[in-house]
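Peer 1:
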Amino acid sequence: MTKVSELFGVSTQSVNKTTVKNIQINQECPYTNSKCFKVRKSEPEISIGTCTVNFGRQKRNIIICPNRLLQNKQVFMDCMHLLTRHEPGNEFHIISEVSIPGGSVDYFLASVKNGKVKDFVGIEFQTLDTTGTVWPERQRFLKEYGIEVDEKAVNSTKSFGMNWKMTAKTILVQLHHKIETFEYVGKHLVLVIQDCLLEYMKREFNFAHLSEPSKIGDSMHIHSYVLRNNDKAYKIELDSRLSTDSEGMATCLGLQAEAKVELVQIIRELESKLSNKTLLTIV
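Heads up: the sequence shown begins at 1 in full-length UniProt numbering, then just goes up one per residue.
#1: Quickly, what does DSSP pair K35 with across the bridge? List them, please.
#2: Could you tell me which of L69, V10, P88, E45 sits nearest to Q194, measuring between CA atoms?
#3: Can you find a C-beta in chain D that's less than 9 Å from the C-beta of V190?
#4: According to DSSP, simplified to helix, strand and coil, what is V226?
#5: Of the choices S42, Q27, K59, whose alpha-carbon is the least far from that of G49?
#6: Only counting the same chain, and skipping five residues up and downstream in sequence, which positions put a Cβ closer than 6 Å to that of K17?
#7: Quick one: what's got a C-beta closer than 8 Å to R60's C-beta in the same chain, skipping five residues either side?
#8: Out of S104, F141, K158, point me to the one whose CA is closest to G132's CA.
#9: Shortest alpha-carbon distance to K165 belongs to which of Q13, D129, S272?
#10: Output the distance between the C-alpha atoms of N114 and V75, rounded to the nearest integer angstrom.
#11: Exposed or buried, R138, counting other C-beta atoms within 10 Å across all chains shown (16 or more means buried)?
#12: Considering just the uninterrupted stretch of the alpha helix (DSSP H) at V75, what are its terminal residues?
#13: Would you kindly work out how many angstroms separate the C-alpha atoms of A259 and C252, rounded to a whole number?
#14: Taking 9 Å as the cut-off, decide whether the C-beta atoms of K118 and N90 are in contact.
#15: Alpha carbon to alpha carbon, what distance is there between K152 and E124?
#16: Quick one: is E6 buried, meaning 16 or more other Cβ sit within 10 Å of its Cβ, or exposed?
#17: For D231, tell me which candidate among T2, S14, V4 has the shortest Cα-Cα distance.
#18: For the segment 240-249 against the segment 203-212, are there 3 or more C-beta pairs whose distance is under 8 Å?
#19: Less than 9 Å separating the beta-carbons of H188 and G102?
#20: Using only alpha-carbon positions, find the residue among I236, L175, Y184, F182 that is nearest to M249.
#21: Should V4 go down as buried or exposed, given a rule of 16 or more other Cβ atoms within 10 Å for buried?
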C-alpha cells in the first residue's frame, strides 16, 4: 500500500494510469492553480507534489503541505465571524504574506469598503514538517502506474517521519511573538492546523486553560480541521475551535507573561512607599 495519500491534490485511491501520468506531467496544485511550489533542490524543475501521506501505526492521513488547507477557501469562511466590524456590502479580501511587528503572517482576511480596510483577521497555516524524505515513496507510487522513474529512488531504503516536536514548538513560539501585536490593535489571529497536530499540542504543552469552544473576545484562536475520506476523495472539515490571549500563549509554552521593565520598576517603587500616610481618606 502506498504511503502517498494525495499527489498534486488527487487522492491516490481514485487514480488510473492516465490520471497519474497527467498530474505528474502538469505538476499543478489545484489549490493555488499554479505549479506546486515544493520542488527538489537538486532538480528544481521537478515538483514533488505530495500533499498528504499515510503515516504511523494508526495509518492516519497527515497533511504535510500548507497549501492543502486552501481547499474551497473554507478556512477563510470559518474566520468571517471574527470580523466584528464587517458590514453587509463590504468586500472580503484575502491578502497573503503580510509583515507585522513580530514576523510575517500567512494570510489576512479583510473586510473592505470603497478600497478602505474596515476590519481584518490574521490567519496562520501550520502543517506537519517531515523528517527524512517522502521522495522514494512518491517514485514507487508512480512506478506502480507505469511511469518511468529513477530506480535508485525506488530501491532507496530512506524513509520519512513526522517532526511533531519541532513543528509544534516553532509555531507556538512564533504565535507568542505575533499575538501581542494583534492584541494591541484589538484584532484576532487564527492558527489553522490539522486535528492530529492539535492532539499532540494538547499532550505536550499546557492547553488546559484554553477556551473550548472559543470565545470571540479572545485575541488568539485555533481552528482544527479533520481530513475526511469522502468517496475516495479527501475534504477538510472544521473539527474544533479554541481560544486564548497573549498571556495564555505564554502559559502554553510554560513561560511567564512578559512584563515591561519600566512598568515593573514603577510598580516596585510605588509599592515600597505604600503606608497609612499615603492612603486617600476623606476627613
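Quick reminder that beta carbons are idealized off the backbone N, C-alpha and C, glycines included.
Peer 2: In terms of the structure at hand:
#1: The sequence position of residue 35 within the sequence shown is 35, counting from 1. According to DSSP, which records beta bridges pairwise, K35 is partnered with E28.
#2: Start at 1 with the first residue of the sequence shown, and residue 194 comes out as number 194. Checking every option, the nearest Cα to that of Q194 belongs to L69.
#3: Among the protein chains of the structure shown there is no chain D, as only one such chain exists.
#4: Locating residue 226 in the sequence shown gives position 226, where the first residue counts as 1. Strand, per DSSP.
#5: Within the sequence shown, residue 49 is the residue found at index 49, counting from 1. G49 has its Cα closest to that of Q27, out of S42, Q27, K59.
#6: Mapped onto the sequence shown, residue 17 falls at position 17. Y145, G146.
#7: Taking the first residue of the sequence shown as 1, we reach residue 60 at position 60. Counting only Cβ-Cβ distances below 8 Å, and skipping sequence neighbours, we find N54, C196.
#8: What you label residue 132 is simply residue 132 of the sequence shown in a count that begins at 1. Ranking S104, F141, K158 by Cα distance to G132 puts K158 first.
#9: Taking the sequence shown and counting its residues from 1, the one referred to as residue 165 is at position 165. Comparing Cα-Cα distances from K165 to each of Q13, D129, S272, the minimum goes to D129.
#10: Numbered from its first residue, the sequence shown carries residue 114 at position 114. Numbered from its first residue, the sequence shown carries residue 75 at position 75. If you take the alpha carbons of N114 and V75, they lie about 25 Å apart.
#11: Position 138 of the sequence shown holds residue 138. It counts as buried.
#12: Counting from 1 along the sequence shown, the entry for residue 75 is found at position 75. Membership of V75 in the alpha helix (DSSP H) is indicated by the continuous run 74-77.
#13: By one-based count along the sequence shown, residue 259 stands at place 259. By one-based count along the sequence shown, residue 252 stands at place 252. Low per-residue confidence applies at A259: pLDDT is 48, beneath 50, and the placement is therefore not dependable, though the value from the model is reported in the following sentence. Cα to Cα, A259 sits roughly 17 Å from C252.
#14: Position 118 of the sequence shown holds residue 118. Position 90 of the sequence shown holds residue 90. In this structure, N90 lies closer than 9 Å to K118 by Cβ.
#15: On the sequence shown, residue 124 is found 124 positions in, with the first residue counted as 1. On the sequence shown, residue 152 is found 152 positions in, with the first residue counted as 1. Rounded to whole angstroms, E124 to K152 spans 37 Å at the Cα level.
#16: Taking the sequence shown and counting its residues from 1, the one referred to as residue 6 is at position 6. Buried, by the Cβ-count rule.
#17: On the sequence shown, position 231 is the one that residue 231 refers to. The alpha carbon of D231 has as its nearest neighbour, out of T2, S14, V4, the alpha carbon of S14.
#18: yes
#19: In the sequence shown, the residue the question calls residue 188 occupies position 188. In the sequence shown, the residue the question calls residue 102 occupies position 102. Cβ atoms of H188 and G102: not closer than 9 Å.
#20: The count along the sequence shown starts at 1 and reaches residue 249 at position 249. Measuring from the Cα of M249, the nearest candidate turns out to be L175.
#21: Looking up residue 4 in the sequence shown gives position 4. So V4 ends up on the buried side.
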